[in-house]
Amino acid sequence: MSADALGFQLTEIDHVAIAVRDLDAAAAWYQQTLGATVAHRERIESDGVEEALLKVADSYVQLLTPIREDSPVAKFLERKGEGIHHVGYRVTDCAAALESMKAAGATMIDAVPRPGSRGTTVAFVHPKSGFGTLIELVQE
Ligand code: CO
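When you read off a place in the sequence shown, starting at 1, and then add 95, the result is the number in the numbering used here.
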C-alpha cells in the first residue's frame with residue numbers, strides 16, 4: 096500500500112534499541128570502538144528505563160537499561176539476555192500510523208500515542224504482529 100493510502104510515511108529508522116545491563120559500560124564501548132557519540136541521555140520513569148542515545152547519521156542506537164525490577168526491559172533481560180529490544184521507525188504522524196496499523200489488524204501496545212524520550216511522540220506495536228520484533232512508531 097502506498098504512503099498516501101496509509102495516511103503516514105516512514106522517514107527514517109529512528110533508532111535500534113539494545114537492552115544492556117550496564118549503560119555506562121555499553122555507552123563507553125560504543126564510543127571507543129565505533130566512535131559513536133552519546134547525543135542524549137534520559138531516565139524515562141514511566142517505562143522504568145534509562146537510555147543513552149548514540150547518534151549515527153540521522154538515526155540513533157538507543158542503549159536501554161532498567162531502573163526498576165518491574166520494568167519491561169528488566170523482564171526482557173531476564174528472559175532473553177542482552178541484545179536488540181526493538182526497532183523505532185520515524186513516522187510523519189504517529190496517531191495516523193497507529194490508527195492505520197490498528198485498522199490493518201495489528202495488535203497495539205499503546206491505544207493512543209504517548210510522550211517518548213527527547214520530546215517525541217511514540218506508540219508501540221506488539222511483537223506478535225511484527226513477526227517477533229517489538230516496533231515503536233516515533234514522531235519528532
Ligand atoms: Co525506543
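We put the beta carbon where it would ideally sit given N, CA and C, even for glycine.
The structure displayed is predicted, hence computed values, not measured ones.
Beta-bridge partners assigned by DSSP to LYS150: THR132, TYR155.
At least one heavy atom of the ligand CO falls within 7 Å of the beta-carbon of GLN157.
Remark: three or more beta-carbon pairs, one from each stretch, lie closer than 8 Å, so the stretch 102 to 112 and the stretch 173 to 188 are flagged as touching. Taking C-beta atoms as the reference points, LEU232 and ALA198 fail to come closer than 8 Å. Membership of GLU235 in any beta strand (DSSP E) is not indicated, and neither H nor E is assigned to it by DSSP. Between ARG213 and the set GLN126, GLU145, LEU129, ALA190, the nearest pair of CA atoms involves GLU145.
If you look at ARG174, you'll find it in the alpha helix (DSSP H) that goes 167 to 175. PRO208 counts as buried, since no fewer than 16 other beta carbons sit within 10 angstroms of its beta carbon. For the pair GLN104 and HIS221, the Cα-to-Cα distance works out to about 20 Å. In this chain, the alpha helix (DSSP H) harbouring GLU194 covers 189 to 198. Membership of ALA98 in the alpha helix (DSSP H) is indicated by the continuous run 98 to 101.
The C-alpha of ASP153 lies about 19 Å from the C-alpha of LEU159. CA-to-CA, the gap between TYR125 and ILE162 works out to about 21 Å. Of the candidates LEU118, VAL133, GLU107, ALA100, the residue whose Cα lies closest to the Cα of GLY178 is LEU118.
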